[in-house]
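Novice: Submitted below is the structure of interest, expressed as structure tokens.
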Amino acid sequence: MTDTLVEVANLAKVFGTGRYASKVLDDVGFSVQRGETVGLVGESGSGKSTTARCILRLIEPTSGTIRFEGEDVLSFRRAKLKEYRARAQLVFQDPYSSLDPRMCVEDIIGEGIRIHRPRQKRTAIRDQIVELLELVGLRPDHLPRRPAAFSGGERQRIGIARALAVQPSLLICDEPVASLDVSIQAQILNLFVNLKSRLGLTMIYIAHDLATVRHLCDRIVVMQGGQVKEIGSRDQIYGSPQDPYTIALMRAVPEPDPVVARERSRERRLPSTAEGVAK
Amino acid sequence: MISAAMDNAAPTRPDVDTALLKVEDLSISFPSPNGTVHAVNGVSFSVAPRERMAIVGESGSGKSVTAQALLGLLPTATISGRIMFDGHDVQTMPASELRALRGAEMSYVFQDPLSSLDPVRTIGDQVCQPLRIRGISRKEAKARALDMLAAVGIPDPARRYGDYPHQFSGGMRQRVMIAMALIGEPRLVIADEPTTALDVRVAAKIVDLLYALSEERGVAVVFITHDLGVVAGSADRVMVMYAGRVMETCAVDELYYRSIHPYTLGLLQSLPRVTGPIPEQLSTIGGRPPSPSDLPSGCAFHPRCRYVRDVCRTDTPTLRTPPSGQHPSACHVAGWLAEEPGVLR
Numbered sequence: 013m014t015d016t017l018v019e020v021a022n023l024a025k026v027f028g029t030g031r032y033a034s035k036v037l038d039d040v041g042f043s044v045q046r047g048e049t050v051g052l053v054g055e056s057g058s059g060k061s062t063t064a065r066c067i068l069r070l071i072e073p074t075s076g077t078i079r080f081e082g083e084d085v086l087s088f089r090r091a092k093l094k095e096y097r098a099r100a101q102l103v104f105q106d107p108y109s110s111l112d113p114r115m116c117v118e119d120i121i122g123e124g125i126r127i128h129r130p131r132q133k134r135t136a137i138r139d140q141i142v143e144l145l146e147l148v149g150l151r152p153d154h155l156p157r158r159p160a161a162f163s164g165g166e167r168q169r170i171g172i173a174r175a176l177a178v179q180p181s182l183l184i185c186d187e188p189v190a191s192l193d194v195s196i197q198a199q200i201l202n203l204f205v206n207l208k209s210r211l212g213l214t215m216i217y218i219a220h221d222l223a224t225v226r227h228l229c230d231r232i233v234v235m236q237g238g239q240v241k242e243i244g245s246r247d248q249i250y251g252s253p254q255d256p257y258t259i260a261l262m263r264a265v266p267e268p269d270p271v272v273a274r275e276r277s278r279e280r281r282l283p284s285t286a287e288g289v290a291k
Numbered sequence: 070m071i072s073a074a075m076d077n078a079a080p081t082r083p084d085v086d087t088a089l090l091k092v093e094d095l096s097i098s099f100p101s102p103n104g105t106v107h108a109v110n111g112v113s114f115s116v117a118p119r120e121r122m123a124i125v126g127e128s129g130s131g132k133s134v135t136a137q138a139l140l141g142l143l144p145t146a147t148i149s150g151r152i153m154f155d156g157h158d159v160q161t162m163p164a165s166e167l168r169a170l171r172g173a174e175m176s177y178v179f180q181d182p183l184s185s186l187d188p189v190r191t192i193g194d195q196v197c198q199p200l201r202i203r204g205i206s207r208k209e210a211k212a213r214a215l216d217m218l219a220a221v222g223i224p225d226p227a228r229r230y231g232d233y234p235h236q237f238s239g240g241m242r243q244r245v246m247i248a249m250a251l252i253g254e255p256r257l258v259i260a261d262e263p264t265t266a267l268d269v270r271v272a273a274k275i276v277d278l279l280y281a282l283s284e285e286r287g288v289a290v291v292f293i294t295h296d297l298g299v300v301a302g303s304a305d306r307v308m309v310m311y312a313g314r315v316m317e318t319c320a321v322d323e324l325y326y327r328s329i330h331p332y333t334l335g336l337l338q339s340l341p342r343v344t345g346p347i348p349e350q351l352s353t354i355g356g357r358p359p360s361p362s363d364l365p366s367g368c369a370f371h372p373r374c375r376y377v378r379d380v381c382r383t384d385t386p387t388l389r390t391p392p393s394g395q396h397p398s399a400c401h402v403a404g405w406l407a408e409e410p411g412v413l414r
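Line by line, the protein sequences are chains H and G. For what it's worth, our numbering labels the leading residue of the first sequence as 13, then goes sequentially. For what it's worth, our numbering labels the leading residue of the second sequence as 70, then goes sequentially.
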């Protein structure tokens, strides 16, 4: 049985005041069912990362509601907020700046466990960490090493293990493969697919292109300029996209097939009716 | 009859002597605290006038270093081999001649337009620079810069001429970079990952723009990228690099439809697509690219290759066309892949 884990409604965020005010989110609303992976897709400035940060209470929205398991996230204070921090976790885009270079892998992954479950024994924590490492495809002998010893893909695995350490119900991934090499991107995408089926994770996956999202997400939310342009199941979005912006994004995806790519390029150069509406 | 057949072949297989750029056995290494870094190892290729060639590779493949060497931008590196531009050796050229070559004959579009534009000079000033250096009057340079900015799709160039780089978006800055690269009317433009920092729609526009400009102006383009998807629609020829070596090189359709190198095939299959069936798992290339300071023995790709044989661990394959194949590939099993098309697909 599916039930709603996250519900975002009428979310708005304004940065700055007076004549410097800029509306970054404008009436954003969508929901995430338990066990579902929702893709938030849009270009830079679309508000996809801001939406994620609001859900995680890393920034405060100007107005709107966010519900997590039916509870009002924006009303959480102190103990309740701390508890929420363990329930919803984030995997960052840049695996280089998001890991403390002076901490070893064991401390990076274990930090959250120690904070959220302080009474656990050291050995029990270490067992959990080893289990997490194996889950994300790293080895126990990596424990004493520091981030500098790892490649981008491996760092991203450490970041994922860190997020999973506190057993969150919701994992938000902010462009986790954008800075990785092509051959490594596929490895990490497959890891997410595995985690999804093994742990029954609920995920919000943020991306700027429609190709990676297609492999992972059950439902897709397309955003532009702080607004939701289209929400649909994977089949709907890829089979018959409705919004002109979604169609334009779809056309811009680089296609590794010369005949198709030339055709797309021709389509883009001709002023089409779909893009005419968007302008 | 024979000459007619040769005429037919000419556009796709340019005669080596007419090549605009010819690189022979190029090796580049850098000294480092952890021993010498062999960034490029024995790379040869040529670019014909008006040809669009893509160099594809992941980080550490030596693609950017190769491109920088072409313009003599690597003063600290140890370089061997020859780089001939229009019959002149770039490396033995006096500094003054090299300066005259840069911008006027051969120019470079850098990956990150924000850090490669001067933040304290106006866009117009920077676009004019290649002309001003050649002694063209301020007035004429400005007129040509305005035309060029319009040609790369900057709206209202007269108004934007006096603006600074921070007033431009990423895509617009990349257009300015392209304008700077083309204003000297070079015969070759090297574009080093020009779309990597950009949104998909903007990236597609920049690729389309480079394609259109190279068609219109007859400029040869060397397009460097890590993404086989980006260049499929615009390149004439593709060269795939790995660990500082050329793995495979051929016409674009040949590479995408009839590749005979396990690395290229692995890259193609690992790309997520927006069309076609959705596989349960994307096929991947296991492991990670080797560090240029610690290359594996034999074929550098062998630790990650599914078709590894004993010979791959000891002998470095050379780039050659297998008897049953149509194009060169640096792989010991290329002959088998060519005989059994579809074995990896």
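All C-beta atoms, glycine included, are put in the ideal place defined by N, C-alpha and C. Nothing here was measured: the structure is a model prediction, and the numbers come from that model.
How would you label ALA219 of chain H, buried or exposed, when you count the other beta carbons within 10 angstroms and need 16 or more for buried?
Specialist: Along the first sequence, read from residue 1 onward, the residue named residue 219 of chain H stands at position 207. Under this definition ALA219 of chain H is a buried residue.
Novice: Considering Cα atoms alone, identify which of G:ALA88, G:GLY104, G:ARG228 and G:CYS368 is closest to SER362 of chain G.
Specialist: If you number the second sequence from 1, residue 362 of chain G lands on position 293. The shortest C-alpha separation from SER362 of chain G is found at G:GLY104.
Novice: Tell me the residue span of the beta strand (DSSP E) that contains THR147 of chain G.
Specialist: Taking the first residue of the second sequence as 1, we reach residue 147 of chain G at position 78. First-last of the beta strand (DSSP E) with THR147 of chain G: 147-154.
Novice: Exposed or buried, which one is ALA73 of chain G when buried takes at least 16 other CB atoms within 10 Å?
Specialist: What you label residue 73 of chain G is simply residue 4 of the second sequence in a count that begins at 1. At ALA73 of chain G the pLDDT is 41, less than 50, meaning the model places this residue with poor confidence; the figure from the coordinates comes in the next sentence. Counting Cβ neighbours within 10 Å, ALA73 of chain G comes out exposed, since fewer than 16 surround it.
Novice: What separation, rounded to the nearest whole angstrom, lies between the Cα atoms of MET262 of chain H and VAL234 of chain H?
Specialist: Counting from 1 along the first sequence, the entry for residue 262 of chain H is found at position 250. Counting from 1 along the first sequence, the entry for residue 234 of chain H is found at position 222. Those two C-alpha atoms are separated by around 11 Å.
Novice: As a quick exercise: from H:PHE42, H:PHE27 and H:GLY41, pick the residue whose alpha carbon is nearest that of LYS35 of chain H.
Specialist: On the first sequence, position 23 is the one that residue 35 of chain H refers to. Cα-wise, what sits closest to LYS35 of chain H is H:PHE27.
Novice: How would you call ARG278 of chain H, buried or exposed, if buried means at least 16 neighbouring beta carbons within 10 angstroms?
Specialist: Residue numbering aside, residue 278 of chain H sits at position 266 when the first sequence is read from its first letter. ARG278 of chain H is exposed by the Cβ-count criterion.
Novice: Return the chain-ordered list of same chain residues with a C-beta closer than 8 Å to the C-beta of LEU145 of chain H, the five sequence neighbours on each side being excluded.
Specialist: On the first sequence, residue 145 of chain H is found 133 positions in, with the first residue counted as 1. Excluding sequence neighbours, LEU145 of chain H sits near VAL117, ILE121, ARG151, PRO152, HIS154, LEU155 and ALA173.
Novice: Are the C-beta of ALA160 of chain H and some C-beta of chain G separated by less than 9 Å?
Specialist: Taking the first sequence and counting its residues from 1, the one referred to as residue 160 of chain H is at position 148. Cβ-Cβ to chain G under 9 Å: no for ALA160 of chain H.
Novice: Under a three-way DSSP split, which group does ARG53 of chain G fall into?
Specialist: Only positions 70 to 414 of chain G appear in this structure, which leaves residue 53 of chain G out of reach.
Novice: Three or more C-beta pairs under 8 Å: does that hold for the region 255-270 of chain H against the region 77-95 of chain H?
Specialist: Inter-segment contact for the region 255-270 of chain H and the region 77-95 of chain H is absent: fewer than three beta-carbon pairs are separated by less than 8 Å.
Novice: Does any residue of chain H have a CB that is nearer than 9 Å to the CB of HIS371 of chain G?
Specialist: Numbered from its first residue, the second sequence carries residue 371 of chain G at position 302. Judged by the 9 Å Cβ criterion, HIS371 of chain G is not in contact with chain H.
Novice: On a Cα-Cα basis, can you pick out the residue from H:ARG46, H:PRO256, H:TYR108 and H:GLN179 that is closest to ALA161 of chain H?
Specialist: Counted from its first residue, the first sequence places residue 161 of chain H at position 149. If we check each option's Cα against that of ALA161 of chain H, H:TYR108 comes out closest.
Novice: Could you tell me which of G:ARG327, G:VAL321 and G:PRO331 sits nearest to PRO270 of chain H, measuring between CA atoms?
Specialist: As a first step, residue 270 of chain H is located in the first sequence; it is residue number 258 there, counting from the start. Among G:ARG327, G:VAL321 and G:PRO331, the Cα nearest to that of PRO270 of chain H is on G:VAL321.
Novice: Could you check if LEU282 of chain H is buried or exposed, using at least 16 other CB atoms within 10 Å of its CB as the buried criterion?
Specialist: On the first sequence, residue 282 of chain H is found 270 positions in, with the first residue counted as 1. By the neighbour-count rule (16 or more Cβ atoms within 10 Å), LEU282 of chain H is not buried but exposed.
Novice: What in chain H is Cβ-close to ILE347 of chain G, meaning under 7 Å?
Specialist: Against the second sequence, residue 347 of chain G aligns to sequence position 278. Within 7 Å Cβ-Cβ: ARG226 and HIS227.
Novice: Find the residues of chain G that neighbour LEU261 of chain H, judging by a C-beta separation of less than 7 Å, and give them in chain order.
Specialist: Residue 261 of chain H sits at position 249 when you count from the first residue of the first sequence. Neighbours of LEU261 of chain H on chain G, chain order: VAL269 and ARG270.
Novice: Give me the chain G residues within the contact set of ILE196 of chain H, using Cβ-Cβ distance strictly less than 7 Å, ordered along the chain.
Specialist: Residue mapping note: residue 196 of chain H aligns to position 184 of the first sequence, counting from 1. When 7 Å is used as the limit between beta carbons, ILE196 of chain H is near these residues of chain G: ARG357, in chain order.
Novice: Identify whether ILE78 of chain H lies in helix, strand or coil by the three-state DSSP scheme.
Specialist: One-based indexing of the first sequence puts residue 78 of chain H at position 66. Reduced to three states, the DSSP call for ILE78 of chain H is strand.
Novice: Counting only beta-carbon atoms, is GLN180 of chain G nearer than 9 Å to chain H?
Specialist: Here the question's residue 180 of chain G lines up with position 111 in the second sequence. No, GLN180 of chain G lies away from the interface with chain H (no Cβ there is under 9 Å from its Cβ).
Novice: Use the C-beta contact count for GLU187 of chain H: other C-beta atoms within 10 angstroms, 16 or more gives buried, fewer gives exposed.
Specialist: Taking the first sequence and counting its residues from 1, the one referred to as residue 187 of chain H is at position 175. By the neighbour-count rule (16 or more Cβ atoms within 10 Å), GLU187 of chain H is buried.
Novice: Determine the burial state of LYS133 of chain H: buried for a count of at least 16 other Cβ atoms within 10 Å of its Cβ, exposed for fewer.
Specialist: By 1-based counting over the first sequence, the position of residue 133 of chain H is 121. The residue in question, LYS133 of chain H, is exposed, as its Cβ has fewer than 16 Cβ neighbours within 10 Å.
Novice: From GLU166 of chain G to ARG203 of chain G, what distance separates their C-alpha atoms?
Specialist: To locate residue 166 of chain G, count along the second sequence from 1; it is residue 97. To locate residue 203 of chain G, count along the second sequence from 1; it is residue 134. For GLU166 of chain G and ARG203 of chain G, the distance between alpha carbons rounds to 13 Å.
Novice: Are the CB atoms of ALA198 of chain H and LEU297 of chain G nearer to each other than 9 Å?
Specialist: Counting from 1 along the first sequence, the entry for residue 198 of chain H is found at position 186. Counting from 1 along the second sequence, the entry for residue 297 of chain G is found at position 228. No.
Novice: Check whether the Cβ atoms of ARG375 of chain G and PRO346 of chain G sit closer than 9 Å, and answer yes or no.
Specialist: The residue given as residue 375 of chain G occupies position 306 in the second sequence. The residue given as residue 346 of chain G occupies position 277 in the second sequence. Against a cut-off of 9 Å, the Cβ pair of PRO346 of chain G and ARG375 of chain G comes out as no contact.
Novice: With which residues is HIS157 of chain G paired in a DSSP beta bridge?
Specialist: Locating residue 157 of chain G in the second sequence gives position 88, where the first residue counts as 1. DSSP output for HIS157 of chain G lists G:PHE154 as bridge partner(s).
Novice: For CYS319 of chain G, which beta-bridge partners are listed by DSSP?
Specialist: Your numbering for residue 319 of chain G matches position 250 in the second sequence. Looking at the DSSP assignment, CYS319 of chain G forms a beta bridge with G:VAL307.
Novice: Rounded to a whole number of angstroms, what is the C-alpha to C-alpha distance between GLY57 of chain H and LEU139 of chain G?
Specialist: As a working mapping, residue 57 of chain H is identified with position 45 in the first sequence. As a working mapping, residue 139 of chain G is identified with position 70 in the second sequence. Looking at the two C-alpha atoms, the distance is approximately 37 Å.
Novice: Just the C-alpha distance for ASP84 of chain G and ASP155 of chain G, rounded to the nearest angstrom, thanks.
Specialist: Position 15 of the second sequence, counted from the first residue, corresponds to residue 84 of chain G. Position 86 of the second sequence, counted from the first residue, corresponds to residue 155 of chain G. Interpretation of ASP84 of chain G is limited by its pLDDT of 46, a score under 50 that renders its predicted location unreliable; the figure taken from the coordinates is listed afterwards. When the Cα atoms are used, ASP84 of chain G and ASP155 of chain G turn out to be separated by approximately 13 Å.
Novice: What does SER128 of chain G reach in chain H if we use C-beta pairs closer than 7 Å?
Specialist: For the purposes of this step, residue 128 of chain G is identified with residue 59 of the second sequence, where counting begins at 1. Here the neighbours are ASP193.
Novice: From this set, G:GLY404, G:SER128 and G:ARG228, which residue's C-alpha is nearest ARG357 of chain G's C-alpha?
Specialist: Position 288 of the second sequence, counting from 1, holds the residue named residue 357 of chain G. Nearest C-alpha to ARG357 of chain G: G:SER128.
Novice: Considering just the uninterrupted stretch of the beta strand (DSSP E) at CYS185 of chain H, what are its terminal residues?
Specialist: For the purposes of this step, residue 185 of chain H is taken as the residue at position 173 of the first sequence. Per DSSP, CYS185 of chain H belongs to the beta strand (DSSP E) from 182-186.
Novice: Beta-carbon within less than 7 Å of GLY149 of chain H's beta-carbon, same chain only, minus the 5 sequence neighbours each way: which residues are those?
Specialist: Locating residue 149 of chain H in the first sequence gives position 137, where the first residue counts as 1. Result list for GLY149 of chain H: ARG169 and LEU203, in chain order.
Novice: Please give the ranges of any beta strand (DSSP E) in the region 85-148 of chain G, keeping only runs that are unbroken, at least 3 residues long and fully inside the region.
Specialist: 90-99, 106-116 and 121-125
Novice: Give the interface partners of ALA219 of chain G over in chain H, defined as CB-CB distance under 7 Å, in chain order.
Specialist: Counting from 1 along the second sequence, the entry for residue 219 of chain G is found at position 150. None at all; the shortest Cβ gap to chain H is about 17 Å.
Novice: Using a beta-carbon distance below 9 Å, is PHE104 of chain H in contact with chain G?
Specialist: For the purposes of this step, residue 104 of chain H is taken as the residue at position 92 of the first sequence. By this cut-off, PHE104 of chain H is not an interface position.
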